[in-house]
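S.K.: This structure is in structure tokens; I'll ask about it shortly.
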Ligand SMILES: [Ca+2]
Ligand SMILES: [Ca+2]
Ligand SMILES: [Zn+2]
Ligand SMILES: [Zn+2]
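Protein chains in written order, with my numbering: chain A, 1 to 328; chain B, 329 to 656.
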């Protein structure tokens, strides 16, 4: 009927985006323009069964809600930690940041439950897709994004396409090693950028200083019952705590050297930092590039992402780009 | 005339290949099949003027000789240290391994002198092209080659094509840093793979041991007038000199960690080692990959190149591939 057709036209074409991180499990309804219309957050369960159950439940609830806000869901995009085979929609292997998360077929159960097409890629790659569609990466042929959260992930766009690599292990930028020894990493190696500069690494260092009562600074309001985080470390450094400064200097240097290594491998024209620590790291990373990159690579720009939710937006973009290709 | 036509058919279609390294300047006549028909070697002069003069003279002499062995030279391919803009045929910038070698247009003077088309790329990229056409890289979609000579260079093939990068600085694999501090590098930074594992770095360490009289081992025949090189270090280690072993262990670890970093950025299916130290490094590099790469990257194969002259063959391949495309 005509009224049904009009209803259909008035629907907002949207994607369901899922983000599986070390801490949270999030689902969002994202429209074509990249606006997040609704967002749901839960703790990411620690076992495979609980996690799968929660993913399906959150997705089903979101699809219900989508109807009520007149959104047509075109498909589901999943961003997850770990190595992903996007052709199969399978998580191949994760570090211990996400337990029980290896050889997991995500596409089939989600697609079966929701009767929607499903795309899966890792969080760093999704962040790069988000920048390409909605952020600083629009129209840029070669760029790299580095996302600093609990861990560190990344994505590489080369000739306008993601580099996935031969075993879907490309752009594992958190596991670039900048030391032959160095701190232990969640991946089992040592000296990885993630082990120096991630939120988790800074929290580890903050706790160590706190335990030795070295994190306190005069005038700083420390509620000692609250959990110690990277934010306390940054605050302490800003207020002149030299131990905190030294930790952050090392973390920034490690991230900077890791990024110079990326420049010397794929030489993008742009580096986009995202995640909560991005704006903190931007200046020191630029400084390390000026000091340690080859002259020809020193012109590379470093910017901070303006996207609030790169992983969710990137997950959505896999759906939205496919729908665009099909429709127009 | 018919006899001229037959002469022409019997000519071997060939390329002139030029290799500009930290030590030597070499020119070769290379046929379609990758055989080196004639090779000329001189010391690479230290000044720009002397170097350009010698390049032109060696090329002109080789073109003369080509006539006498009935080779038709289709063009000139140049492999050089430093960053190269291959579209313009210009050396943008070199480390101090090759002095006075920045902002040098190589195409115009060579092309003007020889009336032949000229291609230029850096030595690591040429080595990758050589593997792709004549070596282990034949038919491989994604591979990386790491060439260990005086310095360390590399080339990356992604989707059957070289990655040059936005400022022609991709695949500068010798300047991947594996330490926040570490030994000084020819590029001005510290802790680069080249500063640990190149022929130059090993020679530096060998000399230091030698000066302290620590390189000698019982039963080892050391002519003390001959220049100390990496070979002495390797020999000493093989004969049980633990200081020499420690130096080589660190060099191998640094190279291995650098290669794992490459795997975590572009994730090729194959790593080809070339240069004099390749066979020495193959086993320890494989070991570091097994220990420190992400599980998904541990299946990557490491092989030693069987090409005797990767830089020259790669320089030739730029010419031969172009000629093939044009002719057939
Ligand atoms: Ca990634
Ligand atoms: Ca190169
Ligand atoms: Zn790691
Ligand atoms: Zn260097």
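Positions of the beta carbon are idealized from the N, C-alpha and C atoms, including for glycine. This structure is a prediction, so every number in the text was calculated from the model and none was measured.
1. Comparing C-alpha positions only, which one of 259/A, 48/A, 203/A and 95/A sits nearest to residue 359/A?
2. What would DSSP say about residue 434/B, mapped onto helix, strand or coil?
3. Could you tell me which of 494/B, 532/B and 592/B sits nearest to residue 269/A, measuring between CA atoms?
4. Return the Cβ separation of residue 147/A and residue 274/A in integer angstroms, given the expectation that the two are a contact with Cβ distance under 8 Å.
5. Nearest to residue 83/A by CA position, among 194/A, 313/A and 124/A, is which residue?
6. If we call anything under 8 Å between Cβ atoms a contact, is residue 277/A one with residue 206/A?
7. State yes or no: is the C-beta of residue 189/A nearer than 7 Å to some heavy atom of ligand 3?
8. Is residue 327/A close to chain B, meaning its C-beta is less than 8 Å from at least one C-beta of that chain?
9. List, in chain order, every chain B residue whose beta-carbon is nearer than 8 Å to that of residue 177/A.
10. Please classify residue 359/B: does DSSP put it in a helix, a strand, or coil?
11. Around the C-beta of residue 431/B, are 16 or more other C-beta atoms found within 10 angstroms, so that it is buried, or is it exposed?
12. Would you say the beta carbon of residue 94/A is closer than 7 Å to some non-hydrogen atom of ligand 3?
13. In the DSSP assignment, the alpha helix (DSSP H) including residue 614/B goes from what residue to what residue?
14. Using beta carbons (cut-off 8 Å, strictly below), is residue 404/A in contact with chain B?
15. Put residue 423/B into one of helix, strand or coil per three-state DSSP.
16. Which chain B residues sit within Cβ distance under 8 Å of residue 103/A?
17. Using 10 angstroms around the beta-carbon of residue 240/A, count the other beta-carbons present and answer buried if the total reaches 16, otherwise exposed.
18. If you follow the alpha helix (DSSP H) that residue 318/B is part of, which residue opens it and which one closes it?
19. For residue 33/A, count neighbouring C-beta atoms within 10 Å of its own C-beta (all shown protein chains included) and say buried if the count is 16 or more, exposed if not.
20. Look at the alpha carbon of residue 281/A and the alpha carbon of residue 510/B, and state the distance between them as a whole number of angstroms.
21. Is the shortest distance between the beta-carbon of residue 15/A and the beta-carbons of chain B less than 8 Å?
22. How about residue 199/A: is its C-beta nearer than 8 Å to some C-beta of chain B?
23. Between the C-alpha atoms of residue 419/B and residue 434/B, what's the straight-line distance to the nearest angstrom?
24. Sort out for me which residues DSSP pairs residue 399/B with in a bridge.
25. Taking 8 Å as the threshold (C-beta atoms), are residue 564/B and residue 405/B in contact?
26. Output the distance between the C-alpha atoms of residue 184/A and residue 437/B, rounded to the nearest integer angstrom.
27. Counting only the same chain and skipping the five closest in sequence on each side, list residues whose C-beta sits under 8 Å from that of residue 228/A.
28. Using a Cβ-Cβ distance cut-off of 8 Å, determine whether residue 387/B contacts chain E.
29. I'd like to know whether the C-beta of residue 644/B is nearer than 8 Å to at least one C-beta of chain A.
30. Say yes only if the C-beta of residue 624/B is nearer than 7 Å to one or more non-hydrogen atoms of ligand 3, and no if none qualify.
31. Got a sec: does ligand 3 put a non-hydrogen atom nearer than 7 Å to the Cβ of residue 194/A?
32. Can you find the residues in the same chain that come closer than 8 Å, C-beta to C-beta, to residue 339/A, ignoring five residues on each side of it along the sequence?
33. Applying a beta-carbon distance threshold of less than 8 Å, which residues of chain A neighbour residue 515/B?
34. If we cut at 8 Å on Cβ distances, does residue 265/A have a partner in chain B?
35. Tell me which residues share the same chain as residue 651/B and place their Cβ nearer than 6 Å to its Cβ, disregarding the 5 neighbours each side in the sequence.
36. Which term fits residue 67/A, buried or exposed, when burial requires 16 or more other beta carbons within 10 angstroms of its beta carbon?
M.R.: Judging by the given coordinates:
1. Only positions 1 to 328 of chain A appear in this structure, which leaves residue 359/A out of reach.
2. Taking the second chain and counting its residues from 1, the one referred to as residue 434/B is at position 106. Residue 434/B falls in the coil class under three-state DSSP.
3. In the first chain, counting from the first residue as 1, residue 269/A sits at position 269. For the residues 494/B, 532/B and 592/B, the minimum Cα distance to residue 269/A belongs to 494/B.
4. As a working note, residue 147/A is residue 147 in the first chain. As a working note, residue 274/A is residue 274 in the first chain. Sure, about 5 Å apart at Cβ, within 8 Å.
5. For this step, residue 83/A is matched to residue 83 along the first chain. That would be 124/A, whose Cα lies nearest to the Cα of residue 83/A.
6. Residue numbering aside, residue 277/A sits at position 277 when the first chain is read from its first letter. Residue numbering aside, residue 206/A sits at position 206 when the first chain is read from its first letter. No, the Cβ-Cβ distance between residue 277/A and residue 206/A is not below 8 Å.
7. In the first chain, residue 189/A corresponds to position 189, counting from 1. For ligand 3, a non-hydrogen atom lies closer than 7 Å to the CB of residue 189/A.
8. The count along the first chain starts at 1 and reaches residue 327/A at position 327. Residue placement at residue 327/A is poorly supported in this model, since its pLDDT is 42, which falls under 50; the coordinates are not used for a value here.
9. As a position in the first chain, residue 177/A is number 177, starting the count at 1. For residue 177/A, the chain B residues whose Cβ falls inside 8 Å of its Cβ are 506, 585, 588, 589 and 620, in order along the chain.
10. Stepping through the second chain from its first residue, residue 359/B is reached at position 31. If DSSP states are grouped into helix, strand and coil, residue 359/B belongs with the strands.
11. Translated into positions along the second chain, residue 431/B becomes position 103. The residue in question, residue 431/B, is exposed, as its Cβ has fewer than 16 Cβ neighbours within 10 Å.
12. The residue labelled residue 94/A in the question sits at position 94 within the first chain. Checking the Cβ of residue 94/A against ligand 3 gives no.
13. Residue 614/B sits at position 286 when you count from the first residue of the second chain. Per DSSP, the unbroken alpha helix (DSSP H) holding residue 614/B starts and ends at 606–620.
14. Residue 404/A cannot be examined here, being either before or after the span of chain A that is shown, 1 to 328.
15. Within the second chain, the letter at position 95 stands for residue 423/B. Here DSSP, grouped into helix, strand and coil, assigns residue 423/B to coil.
16. As a working mapping, residue 103/A is identified with position 103 in the first chain. Simply none; closest approach about 11 Å.
17. Reading the first chain from its first residue, position 240 is the one you call residue 240/A. With fewer than 16 other Cβ atoms within 10 Å, it is exposed.
18. A query on residue 318/B cannot be resolved here, the shown segment of chain B reaching from 329 to 656 and no further.
19. Counting from one through the first chain, the residue named residue 33/A turns up at place 33. Result: exposed.
20. In the first chain, counting from the first residue as 1, residue 281/A sits at position 281. In the second chain, counting from the first residue as 1, residue 510/B sits at position 182. When rounded, the distance between both Cα atoms is 23 Å.
21. In the first chain, the residue the question calls residue 15/A occupies position 15. Output row for residue 15/A: interface = no.
22. By one-based count along the first chain, residue 199/A stands at place 199. Not closer than 8 Å to any Cβ of chain B, the Cβ of residue 199/A fails to qualify, so no.
23. In the second chain, counting from the first residue as 1, residue 419/B sits at position 91. In the second chain, counting from the first residue as 1, residue 434/B sits at position 106. Distance between the alpha carbons of residue 419/B and residue 434/B is about 7 Å.
24. Taking the second chain and counting its residues from 1, one reaches residue 399/B at position 71. In the DSSP output, where bridge partners are listed per residue, residue 399/B has 340/B.
25. Position 77 of the second chain holds residue 405/B. Position 236 of the second chain holds residue 564/B. The answer is no: Cβ separation not under 8 Å.
26. In the first chain, residue 184/A corresponds to position 184, counting from 1. In the second chain, residue 437/B corresponds to position 109, counting from 1. So the two alpha carbons sit approximately 54 Å from each other.
27. Within the first chain, the letter at position 228 stands for residue 228/A. Once the five neighbours on either side are set aside, the close Cβ partners of residue 228/A are 203, 206, 207, 210 and 215.
28. The chain labelled as chain E is not found among the protein chains of the depicted structure, namely A and B.
29. The sequence position of residue 644/B within the second chain is 316, counting from 1. False, the Cβ-Cβ gap to chain A never drops below 8 Å.
30. Here residue 624/B corresponds to residue number 296 of the second chain, with the count starting at 1. Checking the Cβ of residue 624/B against ligand 3 gives no.
31. The residue given as residue 194/A occupies position 194 in the first chain. Distances taken from the Cβ of residue 194/A to the heavy atoms of ligand 3 include one shorter than 7 Å.
32. The displayed coordinates of chain A run from 1 to 328. Any statement about residue 339/A would go beyond what the structure contains.
33. One-based indexing of the second chain puts residue 515/B at position 187. Result: 294.
34. As a first step, residue 265/A must be located in the first chain, where it is residue number 265. For residue 265/A, the answer is yes, since a Cβ of chain B falls inside 8 Å of its Cβ.
35. Sequence index remark: in the second chain, residue 651/B carries index 323 (1-based). Only 402 meet the Cβ criterion.
36. What you label residue 67/A is simply residue 67 of the first chain in a count that begins at 1. With fewer than 16 other Cβ atoms within 10 Å, it is exposed.
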